[in-house]
């Protein structure tokens, strides 16, 4: 009973969302040029979106303390997607937009260590404590994913899959939106569902 109460409190703290924005912001539009950005990377180097011109890029908003993020990392689902994407020449970037003092905010070494522990293999980690990159894209939840095609246009934005839950067993039942979108973009096809409803914990922007 105590564990259930603690988990319920964690979910409440996450402010679970299903496509409802918590901060007024402009959202990046599908089929439009993806917003350019330059931000500090966890490894100490600046990450510029323009550095990946001509490549497919995945932006994954993440929060290592969010139960919805844990669902996809503890199951190995995101690690599998990252490896499959890398094999297709896709650049996968994590983005951490939690503000200082908020849930999920970490420094570079901590973010790197978390990925090593989880065997996650993103090409880079964008540190966005002021929320500038997150607000450029209208990132609402963790996870919330965006896919940019080789022409620099936003090809997909939304949830990782179709079942908004924290249960690992739901992954196999869900429609894999991001996996499908990556396959479409890397094969030069249109994404069948370019915009879907994101779900997860709210991005912890500075108030």
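Numbering (the working numbering), first residue to last: 1199 to 1405. Cβ coordinates follow ideal geometry from the N, Cα and C atoms, glycine included.
Next item on the list: Would you mind sorting residue 1308 into buried or exposed? The rule is 16 or more other CB atoms within 10 Å of its CB.
Entry: exposed
Notebook entry, point to check: Can you name, in chain order, every residue of its own chain whose Cβ lies under 7 Å from the Cβ of residue 1251, other than the five neighbours on each side?
Noted result: 1350
Margin query: Let's test the definition: count the other Cβ atoms within 10 Å of the Cβ of residue 1373 and tell me whether it reaches 16, buried, or not, exposed.
Written below: Exposed.
Checklist line | Residue closest to residue 1403, alpha-carbon to alpha-carbon, out of 1326, 1353, 1367, 1347 | finding: 1326
Next item on the list: Using three-state DSSP, classify residue 1239 as helix, strand or coil.
Entry: For residue 1239, the three-state secondary structure derived from DSSP is strand.
Margin query: With three or more beta-carbon pairs closer than 8 Å as the criterion, would you say the segment 1362 to 1382 touches the segment 1303 to 1319?
Written below: no
Item checked: Residue from 1267, 1363, 1365 whose Cα sits closest to the Cα of residue 1293 -> The shortest CA-to-CA distance from residue 1293 to any of 1267, 1363, 1365 is the one to 1267.
Checklist line | Cβ-based burial, residue 1270 [other Cβ within 10 Å; buried from 16] | finding: buried
Notebook entry, point to check: Under the rule that 16 or more other beta-carbon atoms within 10 Å means buried, what is residue 1283, buried or exposed?
Noted result: buried
Notebook entry, point to check: In the structure shown, what three-state DSSP assignment does residue 1353 receive?
Noted result: strand
Notebook entry, point to check: Taking 7 Å as the cut-off, is the CB of residue 1350 close to at least one heavy atom of the ligand NAP?
Noted result: The ligand NAP is not among the ligands present in this structure, which contains no ligands whatsoever.
Notebook entry, point to check: In terms of residues, what are the limits of the beta strand (DSSP E) holding residue 1274?
Noted result: First-last for residue 1274: undefined, no H or E at that position.
Margin query: The alpha helix (DSSP H) that contains residue 1314, what's its start and end?
Written below: 1306 to 1316
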